[in-house]
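Novice: Attaching a single structure in structure tokens format; questions to follow.
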Amino acid sequence: MAEIDRYRPDDRRAVDVLYRRVFGADAAEANRLRWDWQYRRNPNNPSDTPEIWLAREGPTVIGQYATMPVRLRVRDREIYASWGMDVMVAPERQRQGLGEVLFRTWDQNVGASLGLGLSESSYRLFKKLRWPDVGPVPCLVKPLTRRALRRPSWPMPVNRFVSAVTLPFVRIISRARPLRAQVERIRQFDDSFTDLWNRVGPKFDVAVRRDARYLNWRYVEPPHVRYSIVALKRNDVLGGYAVYRHVQEPRGRVTLLVDFFADPDDEAGFKTLLRWTDREARAADSDKIRAFAQHGGFRRTMKRSGYFQVKSTLDFTAKINAVEVPDGFYDDTEGWHVTLGDSDQDR
Ligand SMILES: CC(C)(COP(=O)(O)OP(=O)(O)OC[C@H]1O[C@@H](n2cnc3c(N)ncnc32)[C@H](O)[C@@H]1OP(=O)(O)O)[C@@H](O)C(=O)NCCC(=O)NCCS
Numbered sequence: 347m348a349e350i351d352r353y354r355p356d357d358r359r360a361v362d363v364l365y366r367r368v369f370g371a372d373a374a375e376a377n378r379l380r381w382d383w384q385y386r387r388n389p390n391n392p393s394d395t396p397e398i399w400l401a402r403e404g405p406t407v408i409g410q411y412a413t414m415p416v417r418l419r420v421r422d423r424e425i426y427a428s429w430g431m432d433v434m435v436a437p438e439r440q441r442q443g444l445g446e447v448l449f450r451t452w453d454q455n456v457g458a459s460l461g462l463g464l465s466e467s468s469y470r471l472f473k474k475l476r477w478p479d480v481g482p483v484p485c486l487v488k489p490l491t492r493r494a495l496r497r498p499s500w501p502m503p504v505n506r507f508v509s510a511v512t513l514p515f516v517r518i519i520s521r522a523r524p525l526r527a528q529v530e531r532i533r534q535f536d537d538s539f540t541d542l543w544n545r546v547g548p549k550f551d552v553a554v555r556r557d558a559r560y561l562n563w564r565y566v567e568p569p570h571v572r573y574s575i576v577a578l579k580r581n582d583v584l585g586g587y588a589v590y591r592h593v594q595e596p597r598g599r600v601t602l603l604v605d606f607f608a609d610p611d612d613e614a615g616f617k618t619l620l621r622w623t624d625r626e627a628r629a630a631d632s633d634k635i636r637a638f639a640q641h642g643g644f645r646r647t648m649k650r651s652g653y654f655q656v657k658s659t660l661d662f663t664a665k666i667n668a669v670e671v672p673d674g675f676y677d678d679t680e681g682w683h684v685t686l687g688d689s690d691q692d693r
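Per this note's numbering, the sequence shown runs over residues 347 to 693.
See below:
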């Protein structure tokens, strides 16, 4: 019978080996590069050790549940929560109930258990455990060039035809619009971001606490990915931020608007951040901008700024344990702020 307990520093090699067996050599290499930052340096770790549970059989590690602790705002309270991330069971031991025990152990130890971007097997397991399925997080795309609407499944002549027909329309929505406030590039989040969170955070029903410590760790310090970060200011008062990066995908170049934050009632402010991102995406020669936004207010502003909602693949499950939530809490997520920058989805 397997025993479940917490990760210890001398487990690192055994976990590495298991990771390679379950996810393959490339993923294991990428995991090694991220590991120290992702698990050991997380400023929200409740203790000195990473929040990882292991399933052991004698000296052998046969399963893990690795998580990302965060502070989560839930209505008028703030609780300890964690994103479930790299969960795995040794191939020969899968489908024997170990995953379920790992999921339950994690859940019993956190104020809220959160999952984003699930694999087919973990999605099924969440369903089997009847955890609330609150996703997927809506995906929004803004086309910038004629290549934006291409689909690999369509034959080339069809792609060319669609590009030609939609071009005038793409030109109209992608045209440059004036910025209505000051936008500054930044390299660090200073204390004014914590003040912004304290001021605006209470407007969200559910959101990860985006204070300066968390933001620096999440967007400035990662060793494996580099972000561009801008701050929105009016008369030197901080009004929000945007985090983005440009990536090459098989279908073309994409600007990912990974995270953003502003008062959801400050439509002009958020629009300014979106317009800045448009300019940056055009300068980087991107065919489109892609973002994920759970909050209804942000989504409305995005749609008024030329974004379209498309099918989302970002599954999302959340289970609040530390505070009592009212009936229907998981059915209305319009006031929740979740983006691609949450959890470790953007790797
Ligand atoms: C996800 C994972 C940790 C689950 O562990 P497990 O020990 O196999 O899970 P359990 O035996 O406790 O639970 C099984 C339930 O999970 C779901 N499930 C697990 N593997 C599945 C698969 N390959 N296909 C579909 N559903 C699956 C089913 O609901 C299953 O219930 P059932 O056996 O009654 O049909 C394991 O399958 C794994 O390591 N997968 C590969 C890595 C991975 O995808 N990790 C998730 C990254 S988000």
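We put the CB at the ideal spot given by N, CA and C, even for glycine. Everything numeric in this text was worked out from a predicted model, so none of it was measured.
Assuming contact is defined by CB atoms lying nearer than 8 angstroms, are residue 416 and residue 428 in contact in what I supplied?
Specialist: Yes, they are a contact pair.
Novice: Ignore the nearest five residues each way along the sequence and tell me which others in residue 567's own chain have a CB closer than 8 angstroms to its CB.
Specialist: 383, 387.
Novice: Identify, in the order they occur along the chain, each residue of the same chain with its Cβ nearer than 6 angstroms to the Cβ of residue 591, setting aside the five sequence neighbours on each side.
Specialist: If we look at residue 591 and ignore the five residues flanking it on each side, its Cβ neighbours are 573, 602.
Novice: Using the beta-carbon count (16 or more within 10 Å), is residue 564 buried or exposed?
Specialist: Buried, because 16 or more other Cβ atoms sit within 10 Å of the Cβ of residue 564.
Novice: Can you list, in chain order, the stretches of the beta strand (DSSP E) that have 3 or more residues and sit fully within the stretch 555 to 626?
Specialist: Those beta strand (DSSP E) runs which fall completely within the stretch 555 to 626 and span 3+ residues are 574 to 580, 583 to 595, 598 to 608.
Novice: Check whether the Cβ atoms of residue 490 and residue 614 sit closer than 8 angstroms, and answer yes or no.
Specialist: The answer is no: Cβ separation not under 8 angstroms.
Novice: Contact check, residue 433 vs residue 410 under 8 angstroms by CB: the rounded distance?
Specialist: Indeed they touch by this definition, with Cβ atoms about 7 angstroms apart.
Novice: Identify, in the order they occur along the chain, each residue of the same chain with its Cβ nearer than 8 angstroms to the Cβ of residue 631, setting aside the five sequence neighbours on each side.
Specialist: Within the same chain, residue 631 has close Cβ partners 599.
Novice: Any idea what DSSP makes of residue 376, helix, strand or coil?
Specialist: Three-state DSSP puts residue 376 in a helix.
Novice: In terms of alpha-carbon separation, which member of 376, 404, 397 lies closest to residue 349?
Specialist: Checking every option, the nearest Cα to that of residue 349 belongs to 404.
Novice: Once the 5 residues before and after residue 423 are set aside, which same chain residues still bring their CB inside 7 angstroms of it?
Specialist: Around residue 423: 669.
Novice: Could you tell me if residue 443 is buried or exposed, where buried requires 16 or more neighbouring beta carbons within 10 angstroms of its beta carbon?
Specialist: Burial call: exposed.
Novice: At a threshold of 7 angstroms, does residue 441 count as lining ligand 1 (C-beta to nearest heavy atom)?
Specialist: Yes; taking the cut-off as 7 angstroms, the Cβ of residue 441 has a heavy atom of ligand 1 nearer than that.
Novice: Identify which residue in 497, 541, 651, 655 has its Cα closest to the Cα of residue 585.
Specialist: Of 497, 541, 651, 655, the residue nearest in Cα terms is 541.
Novice: Do residue 445 and ligand 1 come close, with the Cβ less than 7 angstroms from some heavy atom?
Specialist: Yes, the Cβ of residue 445 comes within 7 angstroms of a heavy atom of ligand 1.
Novice: Give me, in chain order, the residues of the same chain whose beta-carbon lies closer than 8 angstroms to that of residue 448; leave out the 5 immediate sequence neighbours on both sides.
Specialist: Contacts found: 350, 399, 401, 409, 410, 411, 433, 435.
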